[in-house]
Amino acid sequence: MVRTNTDTASRQTALNALHAELETCRCCPKMIGPAVHSESVLSPVMLIGQAPGTREIAQLKPFCWTAGKTLFNWFAPLGLDEPTFRQRILISAVCRCFPGKNPKGGDRVPDRDEIARCERWWRGELELLQPRLLLPVGKLAIAQLLPVARLDAVIGRQLSYRAPAGWEADVIPLPHPSGASTWFKMEPGRTLLAQALALIAAHPAWQSVLNAAD
Ligand code: SF4
């Protein structure tokens, strides 16, 4: 797709407006806001997480605590440290507010209605970016783009996403870096994660982000 400067400017304006509107969203009674978004960057790579935690809504910054530390440690050897990643790649999520704690421990998984209500935000970002590479993080995020029965069937592979509007992107799914998860610390998860990161490192969209001037 060839994009003009005018097109880029209008998409940037639309993304800024989308994020400003997202900040005011209060439509889920059980969700704890405010809604979180990343830098409003029109990147060729888009990461999609699950939902923010308490620290993220306090700091208004996605992946700013322990899961983020693990996540950015995965990307640093691929050439992007955390500040550069945040500057150059849009970090989206299935839900943008904190779902609250699960009585059995950990964060509550957003329910079906919350996921459906919040879809407009990540889909809005997706349509404005039309990224060449999508990085869904965790099963809930992967499931928004692809059928996924088991993580080991999709992690370590490069797959395809076709948007309702007709454009296509490559998808390299990642496991969730939550401290509560052991999947990526044990085999086959450890090897599959390494394969996924190698695929990301070799992808032209990732290379273009690495080579982008600030
Ligand atoms: S979870 Fe999403 S849809 Fe629900 S209130 Fe937060 S931003 Fe709005």
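Under UniProt numbering, the residue at position 208 of the sequence shown is numbered 208, and the numbers go up by one with no gaps. Beta carbons are placed, not taken as given, at the ideal position from N, Cα and C, and that holds for glycine.
Between the CA atoms of residue 65 and residue 58 - distance to the nearest angstrom: The sequence position of residue 58 within the sequence shown is 58, counting from 1. The sequence position of residue 65 within the sequence shown is 65, counting from 1. Cα-Cα distance, rounded: 11 Å.
Delimiting residues of the alpha helix (DSSP H) encompassing residue 15: As a position in the sequence shown, residue 15 is number 15, starting the count at 1. Looking at the DSSP string, the run of the alpha helix (DSSP H) that includes residue 15 is 5-22.
Contact test: residue 112 Cβ vs ligand 1 heavy atom, cutoff 7 Å: On the sequence shown, residue 112 is found 112 positions in, with the first residue counted as 1. False, no ligand heavy atom lies under 7 Å from that Cβ.
Per-residue burial, residue 118 [other beta carbons within 10 Å of its own, 16 or more giving buried]: Taking the sequence shown and counting its residues from 1, the one referred to as residue 118 is at position 118. Burial call: buried.
Cβ-based burial, residue 151 [other Cβ within 10 Å; buried from 16]: As a working note, residue 151 is residue 151 in the sequence shown. Buried is the call here.
Distance between residue 18 and residue 137 (C-alpha atoms, nearest Å): Locating residue 137 in the sequence shown gives position 137, counting from the first residue. Locating residue 18 in the sequence shown gives position 18, counting from the first residue. Answer to the nearest angstrom: the Cα atoms are 22 Å apart.
Cβ neighbour criterion (16 or more within 10 Å) applied to residue 241: The requested residue 241 is not part of the displayed model; the chain covers only 1 to 214.
From 5, 86, 198 and 80, residue whose alpha carbon lies closest to that of residue 40: Within the sequence shown, residue 40 is the residue found at index 40, counting from 1. Of the candidates 5, 86, 198 and 80, the one whose C-alpha sits nearest the C-alpha of residue 40 is 86.
Same chain, Cβ closer than 8 Å to residue 22, five either side skipped, listed in chain order: If you number the sequence shown from 1, residue 22 lands on position 22. Answer for residue 22: 35, 37, 96 and 121, listed in chain order.
Run of the beta strand (DSSP E) containing residue 48, from where it starts to where it stops: Along the sequence shown, one-based indexing puts residue 48 at 48. Run containing residue 48: 45-49, per the beta strand (DSSP E) assignment.
Ligand 1 heavy atom lying under 7 Å from the CB of residue 108: Looking up residue 108 in the sequence shown gives position 108. Taking 7 Å as the cut-off, one finds no heavy atom of ligand 1 near enough to the beta carbon of residue 108.
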